[in-house]
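Just so you know, we're using UniProt numbering here: the sequence shown kicks off at 1 and counts up by one. Note that the Cβ used here is the ideal one computed from N, Cα and C, for glycine as well. Worksheet for the structure shown next.
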Amino acid sequence: MLAGKHIALYVTGGIAAYKAASLVRELIRRGAEVRVAETEGATAFVTPLTFQVLSKHVVYTDRFKQEDAAEVAHIALADWTDIAIIAPATADVIGKLANGIADDFVTTALLATVAPKYIAPAMNVHMLANSAVARNLAQLQQDGFDVIDPAVGFLAEGYSGKGRLPEPHEIADYVAHKSNPQQLPLQGKKVIITAGGTRERLDPVRFIGNDSSGKMGYALAEAARDLGAEVILISAKTNLSAPTGIMLISVETAAQMSQAVQAQFKTAAIVIMAAAVSDYRPKQVAKEKIKKTAVTLTLELEKTPDILATLGQNKQQQYLIGFAAETQNIAEYAQGKLTAKKANMIVANDVSNRNAGFNVSTNKVTIFRPNQGPLDLPLADKHVIAREILAQAVEDLKLN
Ligand SMILES: Cc1cc2nc3c(=O)[nH]c(=O)nc-3n(C[C@H](O)[C@H](O)[C@H](O)COP(=O)(O)O)c2cc1C
Numbered sequence: 001m002l003a004g005k006h007i008a009l010y011v012t013g014g015i016a017a018y019k020a021a022s023l024v025r026e027l028i029r030r031g032a033e034v035r036v037a038e039t040e041g042a043t044a045f046v047t048p049l050t051f052q053v054l055s056k057h058v059v060y061t062d063r064f065k066q067e068d069a070a071e072v073a074h075i076a077l078a079d080w081t082d083i084a085i086i087a088p089a090t091a092d093v094i095g096k097l098a099n100g101i102a103d104d105f106v107t108t109a110l111l112a113t114v115a116p117k118y119i120a121p122a123m124n125v126h127m128l129a130n131s132a133v134a135r136n137l138a139q140l141q142q143d144g145f146d147v148i149d150p151a152v153g154f155l156a157e158g159y160s161g162k163g164r165l166p167e168p169h170e171i172a173d174y175v176a177h178k179s180n181p182q183q184l185p186l187q188g189k190k191v192i193i194t195a196g197g198t199r200e201r202l203d204p205v206r207f208i209g210n211d212s213s214g215k216m217g218y219a220l221a222e223a224a225r226d227l228g229a230e231v232i233l234i235s236a237k238t239n240l241s242a243p244t245g246i247m248l249i250s251v252e253t254a255a256q257m258s259q260a261v262q263a264q265f266k267t268a269a270i271v272i273m274a275a276a277v278s279d280y281r282p283k284q285v286a287k288e289k290i291k292k293t294a295v296t297l298t299l300e301l302e303k304t305p306d307i308l309a310t311l312g313q314n315k316q317q318q319y320l321i322g323f324a325a326e327t328q329n330i331a332e333y334a335q336g337k338l339t340a341k342k343a344n345m346i347v348a349n350d351v352s353n354r355n356a357g358f359n360v361s362t363n364k365v366t367i368f369r370p371n372q373g374p375l376d377l378p379l380a381d382k383h384v385i386a387r388e389i390l391a392q393a394v395e396d397l398k399l400n
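Written out as structure tokens, the structure reads:
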């Protein structure tokens, strides 16, 4: 989708500048030709030589260094550009661009660029929340810049927060989708995906949970986004950072997940229940930490809402996909679930297989659908499996 595109990558002086090196490779891997410009600050983090070797082009750093007498370098780069990406973008450069300041190569070339401009802010969580930075970002958005939402996660400062530069492949994907003029199969369709393992509280510090890592659901969210969908990811706690370009709704319990899904369900085209939802929850949640006094402790559990079954009963246009994580009689159970829940697809995986199911990056699944034979997919990375599941749904919905 980026094949043949001329991409000008502007790197500014933030700690995430090191990721820009991988971004060059990701863009080239997608067929783009990349030229890089750095601020002086950026060169303190990554040398121009690194970008020169990766992009196979001279790197622009100095607006007064004009190597070709026949042209003005910053204008030549601006005119050459099909897509401009500023990643990472410092608070400083955001401020300059929002105010039309052109005092180095990067800001001067960007002021002269009429091609679409993507800007990926990356900074400390408090810098990002600063009202001047927020104001400048809003201004850039108004001026037509496409602002790539910073990711939430572990920051270089040693604590967690919003402000991380999304992963290079996520930025490349985002730009590829946004700049792809052709219609993607899930364009304009809402896809709800649940992910992670729900937690049911016993007391303020304990819960009943499961081993789900959320990887399958997050891979599905990325795959649906890549097909053009508006993705709502309803996630129980995971260690994963939110993929860019999707709406993340965080929940803890099965009841909260059920409520969040119901609220989005009516207008959804596809609903994928990839979360490992607790079947039972404690009947009573202790207000205080349960003390270690009794020799034995009996917990009384009650059933949680069966989200998939409720959706099956209420569904209209929605294409429903459920997961069956089993350790035995997988086919039989999946077929039963297909009918009982009125689902359009059940993706069954054998969680007793060491390379499939919970907490690993790969999966081995079989797809079951009404009136069709089972479809066995080979062991593969969860991203590959996710793309295949969605491709099958797109085919069933005749959207391709
Ligand atoms: C170690 C270090 C890390 C920095 N990381 C960031 C950052 O992640 N984001 C940011 O906006 N500024 C960061 N700064 C501040 C910028 O480097 C500073 O504002 C500089 O003037 C930016 O210049 P430039 O926008 O021309 O690249 C950092 C500074 C230092 C010394």
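N- and C-terminal bounds of the beta strand (DSSP E) containing residue 123: Here residue 123 is taken as the residue at index 123 of the sequence shown, counted from 1. Here residue 123 belongs to no beta strand (DSSP E), and DSSP marks it neither H nor E.
Exposed or buried, which one is residue 339 when buried takes at least 16 other CB atoms within 10 Å? Counting from one through the sequence shown, the residue named residue 339 turns up at place 339. Residue 339 comes out exposed.
With DSSP as the reference, please indicate the residues paired to residue 161 in a beta bridge. Your numbering for residue 161 matches position 161 in the sequence shown. 153.
Tell me the residue span of the beta strand (DSSP E) that contains residue 89. As a working note, residue 89 is residue 89 in the sequence shown. Residues 83–89.
If I measure Cβ to Cβ from residue 139 and keep anything under 6 Å in the same chain, skipping five residues before and after, which residues do I get? For the purposes of this step, residue 139 is identified with residue 139 of the sequence shown, where counting begins at 1. The residues are 98.
Can you tell me which of 20, 63, 319 and 236 puts its alpha carbon nearest to the alpha carbon of residue 195? Within the sequence shown, numbered from 1, the residue matching residue 195 stands at position 195. Of 20, 63, 319 and 236, the residue nearest in Cα terms is 236.
Do residue 274 and residue 220 have their CB atoms nearer than 8 Å? For the purposes of this step, residue 274 is taken as the residue at position 274 of the sequence shown. For the purposes of this step, residue 220 is taken as the residue at position 220 of the sequence shown. The answer is yes: Cβ separation under 8 Å.
Quick one: Cα of residue 135 to Cα of residue 352, how far? Taking the sequence shown and counting its residues from 1, one reaches residue 135 at position 135. Taking the sequence shown and counting its residues from 1, one reaches residue 352 at position 352. Residue 135 and residue 352: Cα-Cα distance of roughly 52 Å.
Cβ-based burial, residue 363 [other Cβ within 10 Å; buried from 16]: Here residue 363 corresponds to residue number 363 of the sequence shown, with the count starting at 1. Buried, since its Cβ has 16 or more Cβ neighbours within 10 Å.
Just verifying my parser: in three-state terms, what is the DSSP assignment at residue 372? Sequence index remark: in the sequence shown, residue 372 carries index 372 (1-based). Correct three-state label for residue 372: strand.
Within the present structure, is the beta-carbon of residue 127 separated from the nearest heavy atom of ligand 1 by less than 7 Å? Position 127 of the sequence shown holds residue 127. Yes, since a heavy atom of ligand 1 falls inside the 7 Å radius drawn around the Cβ of residue 127.
Tell me whether residue 200, by its Cβ, gets closer than 7 Å to a heavy atom of ligand 1. The residue labelled residue 200 in the question sits at position 200 within the sequence shown. Every heavy atom of ligand 1 is 7 Å or more from the Cβ of residue 200, so no.
Buried or exposed: which applies to residue 316, given that a residue is buried once 16 or more other Cβ atoms fall within 10 Å of its Cβ? Numbered from its first residue, the sequence shown carries residue 316 at position 316. Residue 316 should be labelled exposed.
Distance between residue 201 and residue 288 (C-alpha atoms, nearest Å): Taking the sequence shown and counting its residues from 1, one reaches residue 288 at position 288. Taking the sequence shown and counting its residues from 1, one reaches residue 201 at position 201. Approximately 11 Å between the Cα atoms of the pair.
Could you check which residue in 157, 319 and 100 has the C-alpha nearest to that of residue 391? Here residue 391 corresponds to residue number 391 of the sequence shown, with the count starting at 1. Here the closest residue by C-alpha is 319.
In this structure, does DSSP put residue 135 in helix, strand or coil? Position 135 of the sequence shown, counting from 1, holds the residue named residue 135. Residue state, collapsed to three classes: helix.
Can you look up residue 140 in the DSSP assignment and give me helix, strand or coil? Walking along the sequence shown from the start, residue 140 turns up at place 140. Helix, per DSSP.
Residues with C-beta closer than 5 Å to any heavy atom of ligand 1, in chain order: 12, 13, 14, 15, 39, 41, 90, 91, 92, 93 and 123
Close beta carbons around residue 185, own chain, < 7 Å, minus the five adjacent residues each side: For this step, residue 185 is matched to residue 185 along the sequence shown. Closer than 7 Å at Cβ, skipping near neighbours: 227, 228, 394, 399 and 400.
Does DSSP put residue 29 in a helix, in a strand, or in coil? On the sequence shown, residue 29 is found 29 positions in, with the first residue counted as 1. Residue state, collapsed to three classes: helix.
Could you check if residue 38 is buried or exposed, using at least 16 other CB atoms within 10 Å of its CB as the buried criterion? Within the sequence shown, the letter at position 38 stands for residue 38. That one is buried.
If we ignore side chains and look at the alpha-carbon of each, how far apart do residue 180 and residue 34 end up? As a working mapping, residue 180 is identified with position 180 in the sequence shown. As a working mapping, residue 34 is identified with position 34 in the sequence shown. Those two C-alpha atoms are separated by around 17 Å.
Secondary structure of residue 168, DSSP reduced to three states: The sequence position of residue 168 within the sequence shown is 168, counting from 1. Of the three classes helix, strand and coil, the one that applies to residue 168 here is helix, per DSSP.
Just the C-alpha distance for residue 312 and residue 107, rounded to the nearest angstrom, thanks. Position 312 of the sequence shown, counted from the first residue, corresponds to residue 312. Position 107 of the sequence shown, counted from the first residue, corresponds to residue 107. Roughly 54 Å separates the two Cα atoms.
Cβ-Cβ distance between residue 325 and residue 346 below 8 Å: Position 325 of the sequence shown, counting from 1, holds the residue named residue 325. Position 346 of the sequence shown, counting from 1, holds the residue named residue 346. Their beta carbons are not under 8 Å apart, which means residue 325 does not touch residue 346 by this criterion.
Does the distance from the CB of residue 124 to the CB of residue 167 come in under 8 Å? Locating residue 124 in the sequence shown gives position 124, counting from the first residue. Locating residue 167 in the sequence shown gives position 167, counting from the first residue. Cβ distance not < 8 Å, so residue 124 and residue 167 don't count as in contact.
Beta-carbon proximity list for residue 341, same chain, < 7 Å, skipping 5 on both sides: For the purposes of this step, residue 341 is identified with residue 341 of the sequence shown, where counting begins at 1. Cβ within range, chain order: 308, 309, 312 and 322.
With a cut-off of 8 Å on the beta carbons, I'd call residue 89 and residue 119 a contact; round off their distance for me. Taking the first residue of the sequence shown as position 1, residue 89 is located at position 89. Taking the first residue of the sequence shown as position 1, residue 119 is located at position 119. That pair is a contact at about 5 Å.
Cutting at 8 Å between CB atoms, please list the residues of its own chain near residue 127, excluding the five before and the five after it. On the sequence shown, position 127 is the one that residue 127 refers to. The residues are 91, 133 and 163.
Thinking residue 11 and residue 36 are a contact (beta carbons under 8 Å), I'd like their distance in whole angstroms, please. By 1-based counting over the sequence shown, the position of residue 11 is 11. By 1-based counting over the sequence shown, the position of residue 36 is 36. That pair is a contact at about 6 Å.
Would you mind stating whether residue 193 and residue 233 have Cβ atoms separated by less than 8 Å? Residue 193 sits at position 193 when you count from the first residue of the sequence shown. Residue 233 sits at position 233 when you count from the first residue of the sequence shown. A contact, by the Cβ cut-off of 8 Å.
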